[in-house]
Structures are given as structure tokens and as C-alpha cells.
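For reference, the structure is listed below as C-alpha cells.
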Amino acid sequence: MIRWSLLVFGCVLVFRHRVETAVGGTTCSLGGNECSGIANSFCDVPNLVCKCVDIATEDTGASTCPLTVCSSDPTLCTDANSECLSSTACACKTLYELSGGDNANACTAKGQVCDTTLTSPVCACDNGYTATAGACVANVVGGTCAASGYECSALSGGYCKTGTGCACSAIYDLSGTSCTAKRVGVTCTSSGGECQYILAGYCDTTTNANAPVCACAAIADIASQTCNFKACTADAFCTAIDPNSECIKGNCLCKSGYDINGSGTSNKCEQQSGSEAITASFVMVMACLVISFLQN
Ligand SMILES: *[C@@H]1O[C@H](CO)[C@@H](O)[C@H](O)[C@H]1NC(C)=O
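Under our numbering, think of the first position of the sequence shown as 125, with each following residue one higher.
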């Protein structure tokens, strides 16, 4: 009980603190990241206080830095790398961003870092980006890469495929020059794990043995290339479909200790392997300990 009161008291203190401190009243230090809690602010290094970026205007009442409204006058977006987005509020142009770093009052090129490996440090493109027409552009599928480099690190779902360049990993599909997570209906293999990130999905190797595809477990229905657990009102509805399932809060789910193996080829709830069950019980025990500790 005492702990709960302390927690509430602490929250109130923090809340009061936030409300009463103007943006410029928050002190910061070099590399200290103290201004990260105030969106669109940066650490003004000579003065060591947080300040709104050039394209934001401080709301002194709320101590926030909302992006400057430019509906009446687009020239209010004074930052050369900003624009009046949708004739509404200032924003950084595509390929530029507010980095939140020290003295970072303006929009800087995305993926840009300071290359300090040189005697005279210069701005360079970060891992995963390539300098293109004065800006740093994220590398896409097909981009040149080296096995030990980080050239594909800005490509979500991608990796460096030796001899080919940046490519999509097994659980992603090529979509234009980027990678999208695999969905129901895409090709899979019995041990490739291609369907593992589809909730209630598995690799169906039986419907068409020559062309396996990711599909939904028996207790789930396909809905726009994802799987939704079937709605139910009684256990019998679920167990008729899969004996190791039950009706929990209106949906058929695998009963405790069982799950759909997204990397497997079975459409039924299967007993979790030993290590997983132990991890699950360990997590439960820890959760109970934390709760009882808080309640005492
Ligand atoms: C899931 O299926 C894959 C492929 O058959 C298998 O290697 C893995 O051990 C299975 N995982 C569990 C938890 O049973």
C-alpha cells in the first residue's frame, strides 16, 4: 500500500515538474539527450538549455514545440531544408530529418553522420545509405554490399547476399526495391521458417505438396492475407476443429502449453517444446513475484 502511494506521489511530482518547466527551463548537457522528451527540440549547447527547432514555435503554456503553422504564410518555414507540408505546418523535406542532436536546430540529411575517422572530420552517409546528388539515400534491394559491411542496414527485412547485393531475407518478399513481410499465400518451405511472423500461420505442405504456401491454422480464418482466430462462444466449437484449442474471451486459441508452430507444417495446436514451456513458466513466476512485491 505504501509503495502504491509513493508511486502515485512520484507521478504527481513528475507531472507537476513537466507542466511548470518551460522548454528553455530544461537544462541539458553535451550528448546528454535531455531534450529528447520534448518533440522538435534540441540542446542549445552554448546555453545548455533545450530550445525549439527552427521550424517549431514554442507553446509556452504547454512547454512544447509544435511545428510552426504555415497555412497563412509558407515562408514561415525558414529552414532551407523544410517545407510547408499540405499548406498546414512546417516539416523537413523528404530525405531530411530533425536529428534531436546537440545544436541540431535545423533539418539535416537523413542517414548523415560525422565521419570522425578522418583527420579533418566531414559529414558522410551513415551505414546503409549512399551519397546521391548531395543527399544520403537509403540503399535498396540490389545495392552493392560487402559481407562484412553494413550497407544493407537501412533496408528493412534485407541482408547482404554474396554476389548479388542487398536482398530480401527468407521471411520477406521483394516489393519494388524494398522488402515486405511474407503473408498468407506466399511460397514457403517445410523448414525455412518463412511463415513464422504470420500470427496463427504455418507452412501448408499438404494442400499442394508441389507448391507449399503460408496458410492459416485450423482455428483461424484468412482475412486479407493475415489470419484471424475464429470467433466462438463455447469450447466445443473450438475443440471440434482442434482438440487442443479452447474458447478464450470469444476466440478459439490453443490451450495452455500448446501453440501453432509458425515454422512448422501442422495446422493444429501442438505441445510446446520443453524449453519454451520452461521459459513461459519462468516468465509467469517472475510476473507473480513482481505483482506480490508491489502489493506488499
Ligand atoms: C517448429 O517446426 C520446425 C520445423 O518443422 C521445427 O524445427 C521446430 O523445432 C518446431 N518448433 C517447435 C517449438 O516445436
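The beta-carbon is built from N, C-alpha and C at its ideal position, and this holds for glycine as well.
Being a predicted model, the structure only gives us computed values, none of them experimental.
Residues that residue i bridges to, as DSSP identifies them
i      : result
ALA355 : ASN375
PHE166 : LYS175
THR232 : GLU221
ALA259 : THR256
THR304 : ASP297
LEU209 : ALA213
THR188 : ASP183
THR311 : VAL337
TYR382 : GLN395
CYS249 : GLN236
CB contact flag (residue i, residue j, <8 angstroms)
i      : j      : result
GLN277 : GLY252 : One point to set straight first is that residue 277 is Ser, not Gln, in the sequence displayed. In contact: SER277 and GLY252 (Cβ atoms closer than 8 angstroms).
CYS376 : CYS356 : yes
GLY325 : VAL308 : yes
GLY258 : GLY289 : no
ILE372 : LYS354 : no
ALA180 : THR192 : yes
LEU222 : CYS214 : no
ASN164 : CYS176 : yes
CYS378 : ASN391 : no
THR389 : CYS303 : no
LYS234 : CYS260 : yes
ALA228 : PHE166 : yes
VAL173 : GLY148 : yes
CYS340 : LYS306 : no
Neighbour-count burial assignment, residue i, 16 or more Cβ in a 10 Å radius
i      : result
ASP178 : buried
GLN236 : buried
CYS247 : exposed
PRO336 : buried
ASN385 : buried
ASP183 : exposed
ALA358 : exposed
THR331 : exposed
LEU219 : buried
ALA364 : exposed
SER399 : Only weak support exists for where SER399 lies, its pLDDT of 48 falling under 50; the value from the coordinates is given anyway. Burial call: exposed.
SER206 : buried
ASN334 : exposed
CYS243 : According to the sequence provided, residue 243 is Thr. The question's Cys does not apply to it. Exposed, by the Cβ-count rule.
THR150 : buried
SER272 : exposed
Test: residue i CB closer than 8 angstroms to a CB of chain D
i      : result
THR243 : Protein chains in the displayed structure number just one, and chain D is not present.
Quiz item: Would you call the stretch 278–291 and the stretch 311–331 in contact, with 3 or more CB pairs under 8 angstroms?
Solution: no
Practice problem: Output the residues surrounding ligand 1, defined as those with a CB atom closer than 7 angstroms to any ligand heavy atom, in chain order. | Solution: SER314, SER315, ASN385, SER387, GLY388, THR389, GLU394, GLN396, SER397 and GLU400
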